[in-house]
Structure formats: C-alpha cells, structure tokens
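Here is the structure we will look at.
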Amino acid sequence: MKRLTWFLLPLVLFLSLSVFLYKGLFSDPSERESVVLANTFPAFSLPDLMDESVIHTNDLFKGKMTLVNVWGVWCVTCAIELPYLTELSQQGYRFVGLYYDQDLDPDFGSKTINRVRAEVIETTSRFGNPFEFNIFDVYRDTSLDLGVTGAPETFLVDHDGVIRVHHLGDINERVWQSKFMPVINAIREETATGAMQ
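Letter by letter, the sequence shown follows residues 36 to 232 in this note's numbering.
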C-alpha cells in the first residue's frame with residue numbers, strides 16, 4: 036500500500052499543477068477581481084503635481100463622475116492611451132491623473148520635482164492631455180490602497196465617490212464601449228431617477 040501511495044503522490048501533484056497552469060494559460064490578467072469595486076474611494080490628501088500648495092482630497096468626487104487614471108511618463112502603454120483619453124475628455128468625460136514616478140524616492144532622490152513636471156508637460160504636449168489635473172501620489176500610498184499593480188489602471192468613480200469600474204491596462208474604443216459605457220449609462224440612469232424623486 037505504501038508503494039502505491041508513493042507512486043500516486045507525484046502523479047496527483049503533477050496533474051494538479053497541470054490543471055492550474057492550463058487554467059492560467061487561458062485566463063485574462065486584466066479581468067482579475069478587484070477588491071475595491073463597490074467601495075468608497077480610499078481616503079487621501081495628496082498634492083497637485085504642478086502645484087504642491089494645492090491639496091486634493093475625496094471632495095473632488097462630490098457630484099461628479101470621475102475617471103481616475105493611474106499613469107506615469109515611464110509607462111509606454113500610458114503614452115499609447117493618452118490620445119484616446121484626450122478624445123474622451125473632449126467629449127465631456129472627466130479624467131483625473133493619479134501620477135507616480137518610478138525613479139523618485141520619497142525625498143525626490145536624484146530626480147527633482149521640477150524635472151518630473153517637465154517630463155509630464157513634454158509627454159502630455161506630445162500625446163495629449165486628458166487630465167483636469169494630476170494628483171501626485173508621492174509615496175504610492177493611495178495606489179497601494181487601490182490595489183494598483185502597475186500602470187495604466189483606471190477607476191470609474193461615481194458622484195458619491197464609489198468605485199464602479201477598475202480596469203487594468205489601456206483604455207481603447209473596445210474597452211470603453213464594452214466595460215465603461217454600460218456602467219456610465221447605469222450611473223446616469225440612477226442619477227436621473229434620484230433627481231426625479
């Protein structure tokens with residue numbers, strides 16, 4: 036009996052690992068479950084990227100549907116999505132950037148804040164600027180609270196500050212129409228119904 040157990044154990048382990056890897060092969064990493072969905076956007080108090088004397092808080096969501104886009108100039112995919120996000124902002128959708136820099140340590144290290152600002156201005160001038168403003172997530176605390184794993188990531192936040200969509204990766208026409216527009220339309224209906232009551 037012991038011999039049979041020692042023979043079957045590696046076989047069972049191999050089959051379990053094979054099933055796990057097979058499932059992973061066909062899964063979409065951008066479709067992972069987000070722990071922040073249907074929760075209020077985490078509390079924050081962060082400076083504006085271009086003017087550190089301006090502090091942004093959750094008040095920015097009051098009464099305004101907002102798309103919070105996590106990005107950085109170091110992110111190639113972010114640059115690719117900027118023209119489309121700019122088109123959307125010109126259609127009246129509100130984008131706020133949650134910016135963090137990979138090369139910046141908490142004390143700004145060898146990279147100055149002025150250099151960061153210059154890089155942001157250069158990138159948005161070149162590819163488009165959809166952002167009403169950029170929040171500077173200096174220590175990445177807010178990104179961690181949101182469960183951000185990279186950039187770009189986008190959060191659709193409703194008028195009450197509740198996260199309704201969390202998307203990993205770039206936003207393009209297909210993603211916008213299939214993932215964001217149904218929720219935006221639902222929010223608009225909820226708002227219209229609430230206004231009539």
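A virtual CB, placed ideally from N, CA and C, is assigned to each residue, including glycine. The structure presented is a predicted model; accordingly, all values stated were derived computationally and were not measured.
{"query": "Cβ pair count under 8 Å reaching 3, the region 105-112 against the region 179-188", "result": "yes"}
{"query": "Separation of residue 150 from residue 195, as counted between CA atoms", "result": "35 Å"}
{"query": "Which listed residue (131, 85, 203) has its alpha carbon closest to that of residue 166", "result": "131"}
{"query": "At least 3 beta-carbon pairs within less than 8 Å: the region 155-170 vs the region 212-229", "result": "no"}
{"query": "Residue 96: first and last residue of the uninterrupted alpha helix (DSSP H) it sits in", "result": "Premise fails: residue 96 is in no alpha helix (DSSP H) and is neither H nor E."}
{"query": "Residue 220, buried or exposed, once every other Cβ within 10 Å from all chains shown has been counted against 16", "result": "exposed"}
{"query": "Residue from 71, 146, 76, 86 whose Cα sits closest to the Cα of residue 92", "result": "76"}
{"query": "Contact between the region 166-179 and the region 84-101 (3+ Cβ pairs under 8 Å)", "result": "yes"}
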